[in-house]
Structure formats: structure tokens, C-alpha cells
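K.L.:
Shown below is the structure under consideration.
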Amino acid sequence: MATYQEVYQSWQADPEGFWLDAAKAIDWVEPPRAGLSKTADGIDEWFADAMVNTCWNAVDRHVAAGRGDQTAIIHDSPVTGTVTHISFAELQDRVSRLAGTLVARGVGKGDRVIVYMPMVPEALEAMLACARIGAIHSVVFGGFAANELAVRIDDATPKAVLAASCGIEPGRIVHYKPLLDQAIAMARHKPDFCLMLQREQERADLVEGRDFDWHEAQQGVAPAECVPVEGTHPAYILYTSGTTGQPKGVVRPTAGQLVALSWSMRNIYDVHPGDVFWAASDVGWVVGHSYICYGPLINGNTTVLFEGKPVGTPDAGTFWRVISEHKVRSFFTAPTAFRAVKREDPQGEFIGKYDLSALKYVFLAGERADPDTVRWAEEKTGKPVIDHWWQTETSWSIAANPAGIELLPVKRGSPSVAMPGYKIEVLDEAGHPVAPGTLGAIAIRLPLPPSCFTTIWNAHERFVKSYLEHFPGYYETGDAGMIDEDGYVYIMARTDDVINVAGHRLSTGGIEEVVASHPDVAECAVIGAADRLKGQVPVALICFNAGVTRDADEIRKEVVALVRDRIGPVAAFRQVVAVDRLPKTRSGKILRATMVKIADGETYKAPATIDDPAILDEVTEALKSLGLARPAGEA
Numbered sequence: 001m002a003t004y005q006e007v008y009q010s011w012q013a014d015p016e017g018f019w020l021d022a023a024k025a026i027d028w029v030e031p032p033r034a035g036l037s038k039t040a041d042g043i044d045e046w047f048a049d050a051m052v053n054t055c056w057n058a059v060d061r062h063v064a065a066g067r068g069d070q071t072a073i074i075h076d077s078p079v080t081g082t083v084t085h086i087s088f089a090e091l092q093d094r095v096s097r098l099a100g101t102l103v104a105r106g107v108g109k110g111d112r113v114i115v116y117m118p119m120v121p122e123a124l125e126a127m128l129a130c131a132r133i134g135a136i137h138s139v140v141f142g143g144f145a146a147n148e149l150a151v152r153i154d155d156a157t158p159k160a161v162l163a164a165s166c167g168i169e170p171g172r173i174v175h176y177k178p179l180l181d182q183a184i185a186m187a188r189h190k191p192d193f194c195l196m197l198q199r200e201q202e203r204a205d206l207v208e209g210r211d212f213d214w215h216e217a218q219q220g221v222a223p224a225e226c227v228p229v230e231g232t233h234p235a236y237i238l239y240t241s242g243t244t245g246q247p248k249g250v251v252r253p254t255a256g257q258l259v260a261l262s263w264s265m266r267n268i269y270d271v272h273p274g275d276v277f278w279a280a281s282d283v284g285w286v287v288g289h290s291y292i293c294y295g296p297l298i299n300g301n302t303t304v305l306f307e308g309k310p311v312g313t314p315d316a317g318t319f320w321r322v323i324s325e326h327k328v329r330s331f332f333t334a335p336t337a338f339r340a341v342k343r344e345d346p347q348g349e350f351i352g353k354y355d356l357s358a359l360k361y362v363f364l365a366g367e368r369a370d371p372d373t374v375r376w377a378e379e380k381t382g383k384p385v386i387d388h389w390w391q392t393e394t395s396w397s398i399a400a401n402p403a404g405i406e407l408l409p410v411k412r413g414s415p416s417v418a419m420p421g422y423k424i425e426v427l428d429e430a431g432h433p434v435a436p437g438t439l440g441a442i443a444i445r446l447p448l449p450p451s452c453f454t455t456i457w458n459a460h461e462r463f464v465k466s467y468l469e470h471f472p473g474y475y476e477t478g479d480a481g482m483i484d485e486d487g488y489v490y491i492m493a494r495t496d497d498v499i500n501v502a503g504h505r506l507s508t509g510g511i512e513e514v515v516a517s518h519p520d521v522a523e524c525a526v527i528g529a530a531d532r533l534k535g536q537v538p539v540a541l542i543c544f545n546a547g548v549t550r551d552a553d554e555i556r557k558e559v560v561a562l563v564r565d566r567i568g569p570v571a572a573f574r575q576v577v578a579v580d581r582l583p584k585t586r587s588g589k590i591l592r593a594t595m596v597k598i599a600d601g602e603t604y605k606a607p608a609t610i611d612d613p614a615i616l617d618e619v620t621e622a623l624k625s626l627g628l629a630r631p632a633g634e635a
């Protein structure tokens, strides 16, 4: 078998040949003859001369190969107390009939469709049905605020919205339909029609002439066949929060996604057709697109679709139960999910109740995996715990530990090494590469590999300005970090989170790593607050493990001493405050930039993706106790 170095060097030696060879894993209507080409305005794109269909590769070809009886989707829903298995043959039938329903109502190739649904099989069917007919889907979190949904409706101008009547959270029903009605009323653009999945927990009122029942609308409709599309045809638009407040619609090219995700399933996650793969995320995030829906199904895996939480549905053993019951081989979640489990079950007592013998790997992504969380997961599960780093914009790993090629030594705190297709460099502010071990801006030499975005929907100039202008010849990731002498990448913070303390550039991630190592700290966030003397000073917000009874002041003093010991007095680290919860997005990303604005007394807008806006009030009060979070002039 080839080593990682051999595979990476084979890409370096012949980038186009490498990806054309990987493309052989895909069923093409017209296979690509060329790998890389450029658009008229000089943007790189892959497999432009190919014709292909995503749904065929994710569903139909497995049925045609005689594997229709294999389970394609396991819907495990502790919030409803149900588990459902859907075979590839059943999925083909359901998707083709839904696609036929869309066609019968005038949706065709290039039309946009918004999907506004919870974690139910119909959400994946909606995505696949769009792919089947060449429509471009845009998944928006079910339960997203009406004004945010309206902004996306106006930007994507969908012909249809596919929605569910409600979502289900522990102890409550989330009413989707009123939010959808409000959004359509607010939006300038009006969709032609909506298909509504009526869940038994809540049936919604339908607007006559616009809204149609999901199942009733499909009656008597001819199933749709797969429609070939160009290799560069947009598979979907996925909106990610923008720094200007206007969301960015990342556009995913069809052929590149097929090739890169197929390659990643085997070479990064080490799963093969028939294996069970579980990404514990949401269809509203890029992880849900790449590794709940498309990647596993393209590769012929069984994908687990989970409607629940890491804790509270019903307890901190939920992950282990799902892995045990469904014989998951590779499990992918966010570090914040493990921190939630660790906080509730610091000794890992629930793990021992379940048979994890089928599990080979645990993968983490979505936010920096602090070494303490990785160490806890390794010790409690006895499995390799592999951090990897990627972005909505790329759709698959920039840096990873390629388990399917060679499991490299794990360095806690690092997502390991660059994957084929990515030439990662660390640059100073002038755009010059820095020495190994030096903190700087992480950038990727162009061209980017297949599946990376090539534009922002309706905003190509913004794409160029946001990602390509600052460092000519590079893609600017917006992350800061370093690369060590072995080529291991360290993502320390967003570029904006590198703080300047009396002229010293410090990574908030590096300070967090030390704070999180305290045995009583479940999770933490370190931000840079404005300081008249030093420019900025670090402030830590910490959450205690469940069952901690020690004096909070004593723990805070110990945390300060830890940082002074391991990082030094240069950090000027004195301010620590305990909070019950940290403000996060629904995917688990900690809202550090928002907390900086609170600490500095600036006005801020709660991000649309925030999990619970009430937490910001709690954080504000906590920061006030440190003398922060006061507008200028306030005593």
C-alpha cells in the first residue's frame, strides 16, 4: 500500500492526472477529458467538459449494481422514539417520485429550491430529488428565524420551498410553518409553491393554492429520471454567515463534489461500500451536505441520520448507544459535542455500557479540537481520535490524518497534514511565507482542488475580494496558525482572534489549550478585550464539569497560575469568569467575535445561527463583573 507521502507526492507531480484518476470512481454520462480549466475571468474549475448526475451516483447505481436491499439511511430519532431503515431501492423510489412531483409543478434544471426541514429522511430525499433533475437546492435550517429565511429566499429566488410542519427539540416543538409564512410575506421574491411534510407531532395549516401536502402531491405523478448536468453545474448553494451581515451563498460544483467526496470517504475516513458511517451534524451545515447526504451515499455506505442531541436525549450515553446499535465504523462529530458529553459524564461511565467493537475511528471537526478533549476521548473510548480541518467553502478536508491510506502519528492540537490538492502555507501580513513554528495567516496556493467553491451566488466580486485579493495567488482561509517542521498544521484561531498584548501576538487558541487542561474545566473560550495600556488583554470564560463543588475563586486562581506558568507573564492573563454556558452557533462554534464586541462595549447583532440568544445576556453580566461590557463613558 502507498504511504501518505507517496500519495501526496503523486498529486504534486501530476495534479490533473491525480484527480482524473480519482474521477474513475464516478459513473459519468460523458467522462472528463480535461481536469483543470479556467473561466473567462480566470477562476479555476474542474471537470468542466464532463456530464454527470449526482443522484445517479448516490442512489441509482447502487441499485443497478444489485445492492438495492442494502440500507442507505438509518434515521435514529430519540426525540420521537423511532428508528427507521431505508434501503437504496426504497430511497430510489422515494426520491424519483418526489423529483417527478417537482417536475410536474414546473421545476427544472437550474431552478432553485429551498429546503427548510429538520433531521428527517425527507430532508435528504429533497436534496437528492433536486440533484436528480438538475435543480439547485439551498438547505436552510428548519426553525431559522423568519427574517434570515427571507434574506435567503430573496438571494436564491427559489421556485419552490420544501418544508416540514415542525421540528422537535428536547421538551418542545419548534413551529416551522409560521416562520415560513412570515418569511415569504417579508421576502420580495415569492416561490411558486411549497411542499409541506406534515409531522404527526404538529400539523400545519396550508395556504390554499400555494402549499401542498408532501404525500398527497406525489399521488399519480410519474417518477423522474436522472438529468445529466455539466461538471461545473451548481449542485447547491449553502449560505454561511458573512462579516457584513449579508450571508454568503457558497456555490458547490457538481463534478468536483462527486470526485473529492468519493476520494475522501475511502482515503480519509477509511470506509468502504456497506460500512456504516455517522456524521453527527445537521443538514443545514456543510457537514450535513458532504458527510450525512452525499459522501456516504456516493461511496455506497449506510449513513446515520440522527435527530437528537449529544446530551439530554435522554443522557450523555446517546452517542455510544447509536454507535453500538448500528455498528458504526467511522464516527464524525464536533469537539463541542464531546465537551458537552465530557461535562455530563467526566469519567466516561456511559461508555462502558455499550459495545463499541465495530467502531474503528472517531473524527472531529467544526472547531479547534483542544488537546484535553482529544485526550479524554482517546482514553475513554480506546479509539483513535482524529482531528481534521476544513471549511464550508472547501466541503472536504484541507488537513487531515488519512486513515484510509496510512494512520499517521497523532499530534494533539493538530489536524495533521495537508491533503492532496492543498498546498498549505503560513504567511506574514505582507504575504511572505514564515518559518516553521511561526504564527501567521494560513493560506492555500491556487488552484484549489475539486469540490471547493468557485464563486458566491449573485456576488462574484465579493468572492474575489473576500478570498483571493489579500494574498495574490492564494486562497485566504481566514484562519491563523502554524506548520511545524514535520509538516503538521496547527489551527490556532480565526485571523481576527489573534490578539496583540503589548506588541506580542498571541493565539487565543493556545491560551484556551492551557485553560482547558485544568481538571475542573469542561470547556472555555478566550477572547481579547481592549485595554488602554496593553492594546488587548486575554479574558477567559470557563464552564465547570458537572459535579464540581470546589470554590470557584480557587479554580480561577489556579487557571491564571496555569497560564502564567505555561505561556508566561507576557500573556498578561488575569481575568477569568465562570459561566454556565458559552454562546454557540447551532453547529457548536463558539461566538468569540460577538463576545469581543460585548466585552468592548460595542453594539452587536446576534448571529442568525446562534443556538440560544439568551446566553448573550448571561455572558454580558459575567463580563460586567470583570469591569468589561460597558459602553464608552459608562462607569
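Start counting the sequence shown at 1; every next residue gets the next number (full-length UniProt numbering).
All C-beta atoms in this analysis are idealised placements derived from N, C-alpha and C, irrespective of residue type, glycine included.
So, A58 versus L238, is the Cβ gap smaller than 9 Å?
P.N.:
The sequence position of residue 58 within the sequence shown is 58, counting from 1. The sequence position of residue 238 within the sequence shown is 238, counting from 1. Going by C-beta atoms, A58 is not nearer than 9 Å to L238.
K.L.:
What separation, rounded to the nearest whole angstrom, lies between the Cα atoms of D205 and H233?
P.N.:
On the sequence shown, residue 205 is found 205 positions in, with the first residue counted as 1. On the sequence shown, residue 233 is found 233 positions in, with the first residue counted as 1. Their Cα atoms are separated by approximately 36 Å.
K.L.:
Quick check on the DSSP output: the beta strand (DSSP E) that includes D211 runs from which residue to which?
P.N.:
Position 211 of the sequence shown, counted from the start, is the residue given in the question as residue 211. Its beta strand (DSSP E) spans residues D211 to D213.
K.L.:
From W285 to E6, what distance separates their C-alpha atoms?
P.N.:
The residue labelled residue 285 in the question sits at position 285 within the sequence shown. The residue labelled residue 6 in the question sits at position 6 within the sequence shown. Distance between the alpha carbons of W285 and E6 is about 33 Å.
K.L.:
Confirm, please, whether the CB-CB distance from A104 to V251 is below 9 Å.
P.N.:
One-based indexing of the sequence shown puts residue 251 at position 251. One-based indexing of the sequence shown puts residue 104 at position 104. Not closer than 9 Å, so no.
K.L.:
Which term fits A358, buried or exposed, when burial requires 16 or more other beta carbons within 10 angstroms of its beta carbon?
P.N.:
Locating residue 358 in the sequence shown gives position 358, where the first residue counts as 1. A358 comes out exposed.
K.L.:
Within this structure, are the beta carbons of T609 and S587 separated by less than 9 Å?
P.N.:
Numbered from 1 along the sequence shown, position 609 holds the residue referred to as residue 609. Numbered from 1 along the sequence shown, position 587 holds the residue referred to as residue 587. Cβ distance < 9 Å, so T609 and S587 count as in contact.
K.L.:
Which complete alpha helix (DSSP H) runs does the region 239 to 285 hold, if anything under 4 residues is left out?
P.N.:
DSSP runs (the alpha helix (DSSP H)) wholly in the region 239 to 285: 254 to 267.
K.L.:
Measure the Cβ-Cβ separation of R462 and G478 and say whether it is below 9 Å.
P.N.:
Translated into positions along the sequence shown, residue 462 becomes position 462. Translated into positions along the sequence shown, residue 478 becomes position 478. Result no, Cβ atoms of R462 and G478 do not sit closer than 9 Å.
K.L.:
Check K24 in the structure and name its three-state DSSP category.
P.N.:
The residue given as residue 24 occupies position 24 in the sequence shown. Helix, per DSSP.
K.L.:
Can you tell me the Cα-Cα spacing of residue 636 and V140, whole angstroms?
P.N.:
Only positions 1 to 635 of the chain appear in the structure, and residue 636 is not among them; the question remains open.
K.L.:
So, using beta-carbon positions, are V362 and T333 closer together than 9 Å?
P.N.:
The sequence position of residue 362 within the sequence shown is 362, counting from 1. The sequence position of residue 333 within the sequence shown is 333, counting from 1. In contact: V362 and T333 (Cβ atoms closer than 9 Å).
K.L.:
Note down the Cα distance separating D14 from T508, rounded to an integer number of angstroms.
P.N.:
By one-based count along the sequence shown, residue 14 stands at place 14. By one-based count along the sequence shown, residue 508 stands at place 508. For D14 and T508, the distance between alpha carbons rounds to 38 Å.
K.L.:
Run the CB neighbour count on H272, radius 10 Å, all protein chains shown included, and call it buried at 16 or more, exposed below.
P.N.:
Position 272 of the sequence shown holds residue 272. The residue in question, H272, is exposed, as its Cβ has fewer than 16 Cβ neighbours within 10 Å.
K.L.:
Is the distance from the Cβ of T54 to the Cβ of T254 below 9 Å?
P.N.:
Residue mapping note: residue 54 aligns to position 54 of the sequence shown, counting from 1. Residue mapping note: residue 254 aligns to position 254 of the sequence shown, counting from 1. It is a contact, given that the beta carbons lie within the stated cut-off.
K.L.:
Name the residue from T157, V151 and V161 whose alpha carbon lies nearest to the alpha carbon of A129.
P.N.:
Residue numbering aside, residue 129 sits at position 129 when the sequence shown is read from its first letter. Nearest of T157, V151 and V161 to A129, Cα basis: V161.
K.L.:
Measuring CB atoms only, is the region 581 to 596 touching the region 546 to 561, in the sense that at least three cross pairs come out at less than 8 Å?
P.N.:
The answer is no - the region 546 to 561 does not touch the region 581 to 596, with fewer than three Cβ pairs under 8 Å.
K.L.:
For F88 and W56, I'd like the C-alpha separation in whole angstroms.
P.N.:
Here the question's residue 88 lines up with position 88 in the sequence shown. Here the question's residue 56 lines up with position 56 in the sequence shown. About 11 Å.
K.L.:
Report the residue ranges of all beta strand (DSSP E) runs contained in full by the region 309 to 371; include only those spanning at least 3 residues, in chain order.
P.N.:
Listed in chain order, they are 330 to 333 and 361 to 364.
K.L.:
Go through the region 82 to 148 residue by residue and report every complete run of the beta strand (DSSP E) that reaches 3 residues or more, in order.
P.N.:
Complete beta strand (DSSP E) runs here, min 3: 82 to 87, 112 to 116 and 136 to 139.
K.L.:
Give me the Cα-Cα distance between F319 and K342, rounded to the nearest whole angstrom.
P.N.:
As a first step, residue 319 is located in the sequence shown; it is residue number 319 there, counting from the start. As a first step, residue 342 is located in the sequence shown; it is residue number 342 there, counting from the start. Those two C-alpha atoms are separated by around 12 Å.
K.L.:
Between V579 and A441, what straight-line distance do the alpha-carbon atoms span, to the nearest angstrom?
P.N.:
Taking the first residue of the sequence shown as 1, we reach residue 579 at position 579. Taking the first residue of the sequence shown as 1, we reach residue 441 at position 441. Roughly 31 Å separates the two Cα atoms.
K.L.:
Quick check: the Cα distance between I555 and I567, rounded to an integer number of angstroms?
P.N.:
Locating residue 555 in the sequence shown gives position 555, where the first residue counts as 1. Locating residue 567 in the sequence shown gives position 567, where the first residue counts as 1. I555 and I567: Cα-Cα distance of roughly 18 Å.
K.L.:
Distance, Cα to Cα, W11 vs E429?
P.N.:
For the purposes of this step, residue 11 is taken as the residue at position 11 of the sequence shown. For the purposes of this step, residue 429 is taken as the residue at position 429 of the sequence shown. Distance between the alpha carbons of W11 and E429: 29 Å.
K.L.:
For G231 and V120, I'd like the C-alpha separation in whole angstroms.
P.N.:
As a position in the sequence shown, residue 231 is number 231, starting the count at 1. As a position in the sequence shown, residue 120 is number 120, starting the count at 1. Rounded to whole angstroms, G231 to V120 spans 29 Å at the Cα level.
K.L.:
Can you look up M482 in the DSSP assignment and give me helix, strand or coil?
P.N.:
Against the sequence shown, residue 482 aligns to sequence position 482. Three-state DSSP puts M482 in a strand.
K.L.:
Going by alpha carbons, who is nearest to residue 639 out of E378, A260, L179 and Y294?
P.N.:
Shown here, the chain extends from 1 to 635; a query on residue 639 therefore has no answer.
K.L.:
Determine, using beta carbons only, whether W46 and S451 come nearer to each other than 9 Å.
P.N.:
On the sequence shown, residue 46 is found 46 positions in, with the first residue counted as 1. On the sequence shown, residue 451 is found 451 positions in, with the first residue counted as 1. Cβ distance < 9 Å, so W46 and S451 count as in contact.
K.L.:
So, are the CB atoms of I483 and V426 less than 9 Å apart?
P.N.:
Along the sequence shown, read from residue 1 onward, the residue named residue 483 stands at position 483. Along the sequence shown, read from residue 1 onward, the residue named residue 426 stands at position 426. It is a contact, given that the beta carbons lie within the stated cut-off.
K.L.:
Considering only DSSP beta bridges, list what I168 is partnered with.
P.N.:
Residue mapping note: residue 168 aligns to position 168 of the sequence shown, counting from 1. Answer by DSSP bridge pairing, in chain order: I173.
K.L.:
Taking the alpha-carbon positions, what's the L439 to H289 distance?
P.N.:
Locating residue 439 in the sequence shown gives position 439, where the first residue counts as 1. Locating residue 289 in the sequence shown gives position 289, where the first residue counts as 1. Cα to Cα, the separation comes out at about 32 Å.
K.L.:
Taking 9 Å as the threshold (C-beta atoms), are W19 and P613 in contact?
P.N.:
Counting from 1 along the sequence shown, the entry for residue 613 is found at position 613. Counting from 1 along the sequence shown, the entry for residue 19 is found at position 19. No.
K.L.:
Considering only the beta carbon of each residue, do V107 and A131 sit closer than 9 Å?
P.N.:
Taking the sequence shown and counting its residues from 1, one reaches residue 107 at position 107. Taking the sequence shown and counting its residues from 1, one reaches residue 131 at position 131. No, Cβ-Cβ distance for V107 and A131 is not below 9 Å.
K.L.:
Given a threshold of 16 other Cβ atoms within 10 Å of its Cβ, counted over all protein chains shown, does T71 qualify as buried or as exposed?
P.N.:
Position 71 of the sequence shown, counted from the first residue, corresponds to residue 71. Counting Cβ neighbours within 10 Å, T71 comes out buried, since at least 16 surround it.
K.L.:
Excluding five sequence neighbours on each side, which residues of the same chain lie with their C-beta closer than 7 Å to the C-beta of G633?
P.N.:
Against the sequence shown, residue 633 aligns to sequence position 633. Since pLDDT at G633 reaches only 48, below the 50 mark, its modelled position is unreliable, and no value is offered.
K.L.:
Using 10 angstroms around the beta-carbon of R375, count the other beta-carbons present and answer buried if the total reaches 16, otherwise exposed.
P.N.:
One-based indexing of the sequence shown puts residue 375 at position 375. So R375 ends up on the exposed side.
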